[in-house]
Amino acid sequence: MSKLGRIRALILAVLIGSVLWSVVFLAHFNKNSLRIADNVAQFGPVCEVCTADQADLLWRRYNRSCSERLDPPLPRFAITLKSPSQPFNTSNEEFEVTRAAGRDANIIAKGFQGALRALDAACGAAPEFVRKTPAPRALPYRGLLLDISHVFLSVTELMRILEFASKEAGLNVIHLHITDNQCFGIELDDAPELAHQSRGACNRGSKVRGYYTRNELKDLSKVAASMGVVIMIELDIPGHAGAWKMSHPEHVVQDYLDPESGSMWQLLSTVLTELDDVLPVTPLRTELPLGLHLGGDEVSNSRAYRAFEAKLKNYRPRHIQTHNLRWEESLLVGGVEENDIVTVWKSYEMAGRILLEDVVAQGFKAINMCLSRLYLDAKFQPTVQAIGKFDAFRSGSQTPGRNGRLIGKDREHLVIGAAVSCWGECMTDLAKDLSGERAYADFWDLVREAGNNFWHTERPSQRGA
Numbered sequence: 001m002s003k004l005g006r007i008r009a010l011i012l013a014v015l016i017g018s019v020l021w022s023v024v025f026l027a028h029f030n031k032n033s034l035r036i037a038d039n040v041a042q043f044g045p046v047c048e049v050c051t052a053d054q055a056d057l058l059w060r061r062y063n064r065s066c067s068e069r070l071d072p073p074l075p076r077f078a079i080t081l082k083s084p085s086q087p088f089n090t091s092n093e094e095f096e097v098t099r100a101a102g103r104d105a106n107i108i109a110k111g112f113q114g115a116l117r118a119l120d121a122a123c124g125a126a127p128e129f130v131r132k133t134p135a136p137r138a139l140p141y142r143g144l145l146l147d148i149s150h151v152f153l154s155v156t157e158l159m160r161i162l163e164f165a166s167k168e169a170g171l172n173v174i175h176l177h178i179t180d181n182q183c184f185g186i187e188l189d190d191a192p193e194l195a196h197q198s199r200g201a202c203n204r205g206s207k208v209r210g211y212y213t214r215n216e217l218k219d220l221s222k223v224a225a226s227m228g229v230v231i232m233i234e235l236d237i238p239g240h241a242g243a244w245k246m247s248h249p250e251h252v253v254q255d256y257l258d259p260e261s262g263s264m265w266q267l268l269s270t271v272l273t274e275l276d277d278v279l280p281v282t283p284l285r286t287e288l289p290l291g292l293h294l295g296g297d298e299v300s301n302s303r304a305y306r307a308f309e310a311k312l313k314n315y316r317p318r319h320i321q322t323h324n325l326r327w328e329e330s331l332l333v334g335g336v337e338e339n340d341i342v343t344v345w346k347s348y349e350m351a352g353r354i355l356l357e358d359v360v361a362q363g364f365k366a367i368n369m370c371l372s373r374l375y376l377d378a379k380f381q382p383t384v385q386a387i388g389k390f391d392a393f394r395s396g397s398q399t400p401g402r403n404g405r406l407i408g409k410d411r412e413h414l415v416i417g418a419a420v421s422c423w424g425e426c427m428t429d430l431a432k433d434l435s436g437e438r439a440y441a442d443f444w445d446l447v448r449e450a451g452n453n454f455w456h457t458e459r460p461s462q463r464g465a
């Protein structure tokens with residue numbers, strides 16, 4: 001090739017490279033940059049400063065809350081996110097709606113959850129208790145646990161629960177207890193046998209398969225985010241390992257994962273890596289930065305339990321921005337790390353208890369899931385009245401006194417939430433309700449009351465004398 005030809009080839013290569021880099025840059029810019037409000041749409045949300053993901057979720061929320069309620073002309077909402085979101089802070093849900101010219105409205109929200117709720121309020125879709133108190137007073141985490149591994153629910157059934165939890169109860173976390181002795185409720189690409197060989201315990205006829213695919217959970221998580229709800233997955237380890245035993249009996253001793261099995265750790269590493277990647281990062285994760293719930297309850301062999309937790313530290317996922325969760329028994333064997341959140345379920349009367357006051361005394365964030373008030377199973381005889389009197393900042397049995405102490409004002413900030421739980425027979429009755437076989441009105445009434453309670457709970461320092 002002549003010298004002139006080489007120069008031409010070099011210039012052409014530079015031009016092609018410049019074009020390619022421009023395409024890459026623009027794609028990155030459009031995906032991650034701020035979106036300025038130059039939208040000339042005649043209706044719908046127009047966000048002054050939003051990422052593409054935030055704008056997408058706002059449009060989804062608008063379509064869900066507003067499009068069917070407001071007959072033309074449909075208003076245009078100018079949305080401003082006032083400040084960067086703070087993790088686990090109820091201020092993220094504060095907002096202000098003012099009417100502009102015509103039927104347009106201006107929304108100023110302190111966080112993304114506030115922007116979502118503001119659309120509901122402006123379109124008349126907010127529940128009554130939210131209209132009276134626009135933002136929760138003390139608890140940024142307000143959850144519902146579903147024991148999917150005991151009685152499986154279809155994606156359609158979960159959608160109905162999501163709608164109710166968000167719109168009627170003001171909840172913002174759905175905790176899927178997805179593995180246990182019965183079944184392993186998610187099909188993983190690198191370990192599909194865990195779901196396939198345990199699904200028989202969870203199948204509900206030909207229409208309900210007994211496990212979710214990765215894509216189903218990803219899609220569900222995106223829809224949930226538009227409702228202001230985070231989906232959280234629990235991998236209950238090392239105990240409750242019956243589902244693992246169906247495909248890998250060599251990795252299970254009695255009912256717990258064998259900490260002395262090298263091949264078990266290889267499999268668990270694969271499972272943890274893939275589960276950590278299942279749920280997409282949505283704008284809600286900045287405000288509710290929840291990672292995986294790694295179980296840690298009811299392990300029958302304390303020596304094996306301690307050995308397992310010592311080795312788990314080398315395998316568990318870690319991200320600076322997110323918090324993994326553990327049941328409180330993990331504290332007894334060194335299984336809770338500095339950035340973890342502890343879910344507390346035991347009452348004062350139970351053996352091996354670690355109470356809410358014990359957890360926060362050690363400096364850990366905590367979620368109150370007190371079984372004597374918040375477990376919906378019939379054996380605990382839950383009532384709307386009892387749940388209405390629940391105090392998320394009271395330890396133990398919920399009875400004032402040494403069995404149920406109120407958390408001190410110096411530690412109250414560590415109690416970040418509460419959650420109501422549907423286990424066992426509650427799930428059986430719920431599945432029958434969802435399938436139209438038999439109504440289970442108590443579930444909906446109790447969850448609604450729990451959400452109302454969580455929304456209005458005040459910190460001890462906010463209460464009158």
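The sequence shown runs 1 to 465 under UniProt numbering.
Where a beta carbon is used, it is the ideal one built from N, C-alpha and C, also for glycine.
Just so we're clear, the structure is a prediction, and the values are computed from it rather than from any experiment.
{"Asked": "Of the residues Gly296, Val384, Pro382 and Arg353, which one's Cα is nearest the Cα of Ile341?", "Found": "Gly296"}
{"Asked": "Name the DSSP beta bridge partners of His413, please?", "Found": "DSSP lists no partner for His413."}
{"Asked": "Could you pull the DSSP bridge partners for Asn63 from this structure?", "Found": "In DSSP, Asn63 forms no bridge with anything."}
{"Asked": "So the candidates are Pro289, Ala126, Val336 and Leu371; which of them puts its Cα closest to the Cα of Val360?", "Found": "Val336"}
{"Asked": "Should Pro249 be labelled buried (16 or more other beta-carbon atoms within 10 Å of its own) or exposed?", "Found": "exposed"}
{"Asked": "Give a yes or no on contact between the region 121-138 and the region 52-67, applying the rule of three or more CB pairs nearer than 8 Å.", "Found": "yes"}
{"Asked": "Rounded to a whole number of angstroms, what is the C-alpha to C-alpha distance between Phe443 and Glu157?", "Found": "14 Å"}
{"Asked": "Since residue 527 is in the alpha helix (DSSP H), which residue starts that stretch and which ends it?", "Found": "Lying outside 1 to 465, the shown extent of the chain, residue 527 is not represented and no answer is given."}
{"Asked": "Ordered along the chain, which non-local residues of its own chain (more than five positions away) have a Cβ less than 6 Å from that of Arg405?", "Found": "Glu357 and Ser395"}
{"Asked": "In angstroms with no decimal places, state the Cα-to-Cα distance between Gly170 and His240.", "Found": "31 Å"}
{"Asked": "According to DSSP, is Trp423 part of a helix, a strand, or is it coil?", "Found": "coil"}
{"Asked": "May I ask which residues mark the beginning and end of the beta strand (DSSP E) holding Val230?", "Found": "Val230 to Glu234"}
{"Asked": "Sorted by chain position, which residues of the same chain lie with C-beta nearer than 8 Å to Trp455's C-beta, five sequence neighbours on each side aside?", "Found": "Phe129, Val130, Thr133, Pro136, Arg137, Leu139, Arg142 and Gly170"}
{"Asked": "Identify, in the order they occur along the chain, each residue of the same chain with its Cβ nearer than 6 Å to the Cβ of Ala224, setting aside the five sequence neighbours on each side.", "Found": "Leu162 and Ile231"}
{"Asked": "Is the Cβ-Cβ distance between Leu376 and Ser421 less than 9 Å?", "Found": "yes"}
{"Asked": "Mind checking who Asp46 pairs with in its DSSP beta bridge?", "Found": "In the sequence as displayed, the identity of residue 46 is Val instead of Asp. According to DSSP, which records beta bridges pairwise, Val46 is partnered with Ala78."}
{"Asked": "Does the separation of the CB atoms of Phe77 and Pro45 fall below 9 Å?", "Found": "yes"}
{"Asked": "Using a Cβ distance threshold of 8 Å, determine whether the region 286-296 contacts the region 318-335, with at least three qualifying pairs required.", "Found": "yes"}
{"Asked": "What number of angstroms, rounded off, separates the C-alpha of Ala243 from the C-alpha of Leu268?", "Found": "13 Å"}
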